[in-house]
Amino acid sequence: MVKAGDQRNFSDQKFEWVVLSKAPIAGLVKTRLIPALGEQGACDVYKQLLTRLRESLSEVLVDTPLTSQVALWIAGDSDHEAFKSWSSLATFYQQPSAGDLGERMALAVQSSLARGCIPILIGVDVPDLDKKYLKNCLTQFKKYDLVISPAEDGGYGLLGMTQFYSALFVNKFWGSDTVFQSTKSDVEKLKINAAYLLKVWDVDEVADVERFRLIQS
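Take the sequence shown: its letter number 47 is residue 47 in the UniProt record's numbering, and every next letter is one higher.
Pasting the structure below:
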């Protein structure tokens, strides 16, 4: 734990970017977009988001080759062609088929901590998580034990911690607009020294897709 005003020594610290991803199969990803874009259209958006995140992480790893690595937790087919470009960047893990999102995230976080890493969960569908944003996240751990980025839809786009806090992964209505506020309440109850980053947005609705396309062009 870092006390207020203190700084953590990063000389031998390793960070692990933790990505929970589904195999991009039409009809199984970005289902809220299917009525407007069709199964393949929604799947294509998910693939584009995966590509953008991979590129951002690649840029971060170029600048921090000795202090950060990537863990890709896959739900479904880990041999899917969409993951081939990740093979040189990340270590692959299989998500359990049972359990809710909180349980899957908790497992991934505990796995990183067991490897001696500081885990940072990041969302696939959050375009704001570019190189600048992610590197700023790393610097926050010099003074804070937890870093979180609130999302416009009431969730969060990034969550990193120096130790496991089980309360953050239970009693949440995952996918609702109460997740961030509920998590923040837990952080405050536990008196965790936390940094709150700039608010981000994720791609869930058709309007979000248009916004995403604008920054892609």
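Don't be surprised by glycine CBs; every beta carbon is placed ideally from N, CA and C.
Practice prompt. Indicate whether Asp-125 and Val-19 have their beta-carbon atoms separated by less than 7 Å.
Written response: Along the sequence shown, one-based indexing puts residue 125 at 125. Along the sequence shown, one-based indexing puts residue 19 at 19. Not in contact: Asp-125 and Val-19 (Cβ atoms no closer than 7 Å).
Worksheet item: In terms of residues, what are the limits of the alpha helix (DSSP H) holding Ile-34?
Response: If you number the sequence shown from 1, residue 34 lands on position 34. 34-63 is the span of the alpha helix (DSSP H), which, as asked, contains Ile-34.
Worksheet item: Considering only residues of the same chain and omitting the five flanking positions on each side of Leu-93, which have a CB-CB separation below 8 Å?
Response: Mapped onto the sequence shown, residue 93 falls at position 93. It should be noted that the sequence gives Tyr, not Leu, for residue 93. Cβ neighbours of Tyr-93 beyond the five flanking positions: Ala-71, Leu-72, Trp-73, Ile-74, Ala-108, Ser-111.
Discussion item. Rounded to whole angstroms, what is the Cα-Cα separation between Asp-145 and Gln-163?
Written reply: Within the sequence shown, the letter at position 145 stands for residue 145. Within the sequence shown, the letter at position 163 stands for residue 163. In a straight line, the C-alpha of Asp-145 is about 8 Å away from that of Gln-163.
Practice prompt. Give the single residue among Leu-113, Asp-79, Leu-53 whose Cα lies nearest to the Cα of Leu-158.
Written response: Taking the sequence shown and counting its residues from 1, the one referred to as residue 158 is at position 158. Leu-158 has its Cα closest to that of Leu-53, out of Leu-113, Asp-79, Leu-53.
Worksheet entry | Asp-128 and Val-200 closer than 7 Å at C-beta | Indexing the sequence shown from 1 puts residue 128 at position 128. Indexing the sequence shown from 1 puts residue 200 at position 200. In contact: Asp-128 and Val-200 (Cβ atoms closer than 7 Å).
Discussion item. According to DSSP, Pro-119 sits in a beta bridge with which residue or residues?
Written reply: Translated into positions along the sequence shown, residue 119 becomes position 119. Partner(s): Glu-16.
Discussion item. Tell me the residue span of the alpha helix (DSSP H) that contains Asn-114.
Written reply: Counting from one through the sequence shown, the residue named residue 114 turns up at place 114. This sequence places Ala at residue 114; Asn is not what is there. Where Ala-114 is concerned, the enclosing alpha helix (DSSP H) stretches over 101-114.
Worksheet item: Looking at the structure shown, is Val-126 part of a helix, part of a strand, or coil, going by DSSP?
Response: Position 126 of the sequence shown holds residue 126. Three-state DSSP puts Val-126 in coil, outside helix and strand.
Worksheet item: Any idea what DSSP makes of Gln-140, helix, strand or coil?
Response: Position 140 of the sequence shown holds residue 140. DSSP, reduced to helix, strand and coil, places Gln-140 within a helical segment of the structure shown.
Item to complete: Can you grab the Cα-Cα spacing for the pair Gly-102 / Lys-191, in whole Å?
Response: Along the sequence shown, one-based indexing puts residue 102 at 102. Along the sequence shown, one-based indexing puts residue 191 at 191. Distance between the alpha carbons of Gly-102 and Lys-191: 21 Å.
Worksheet item: Which of helix, strand or coil does DSSP assign to Ile-74?
Response: Position 74 of the sequence shown, counting from 1, holds the residue named residue 74. Strand, per DSSP.
Worksheet item: Just how far apart, CA to CA, sit Ser-149 and Asn-136?
Response: The residue labelled residue 149 in the question sits at position 149 within the sequence shown. The residue labelled residue 136 in the question sits at position 136 within the sequence shown. Their backbone Cα atoms lie some 11 Å apart in a straight line.
Worksheet entry | Length of the line joining the Cα atoms of Phe-141 and Val-29 | Here residue 141 refers to the residue found at position 141 when the sequence shown is read from its first residue. Here residue 29 refers to the residue found at position 29 when the sequence shown is read from its first residue. Phe-141 and Val-29: Cα-Cα distance of roughly 33 Å.
Fill in: Val-179 burial status per 10 Å Cβ neighbour count (16 or more: buried)
In the sequence shown, counting from the first residue as 1, residue 179 sits at position 179. Val-179 is classed as buried because its beta carbon has at least 16 other beta carbons within 10 Å across all chains shown.
Fill in: Inter-residue Cα distance where the pair is Leu-168 and Tyr-196
Position 168 of the sequence shown, counted from the start, is the residue given in the question as residue 168. Position 196 of the sequence shown, counted from the start, is the residue given in the question as residue 196. One C-alpha to the other measures close to 15 Å.
Worksheet item: Taking the DSSP output, what are the residues bridged to Gln-69?
Response: As a first step, residue 69 is located in the sequence shown; it is residue number 69 there, counting from the start. Note: Gln-69 sits in a beta bridge opposite Glu-16.
Practice prompt. Kindly indicate the opening and closing residues of the beta strand (DSSP E) around Phe-92.
Written response: For the purposes of this step, residue 92 is identified with residue 92 of the sequence shown, where counting begins at 1. Counting along the chain, the beta strand (DSSP E) containing Phe-92 begins and ends at 90-94.
Worksheet item: If you check the beta carbons only, do Ser-68 and Phe-15 fall under 7 Å apart?
Response: Here residue 68 is taken as the residue at index 68 of the sequence shown, counted from 1. Here residue 15 is taken as the residue at index 15 of the sequence shown, counted from 1. Pairing Ser-68 with Phe-15 gives a Cβ-Cβ distance under 7 Å.
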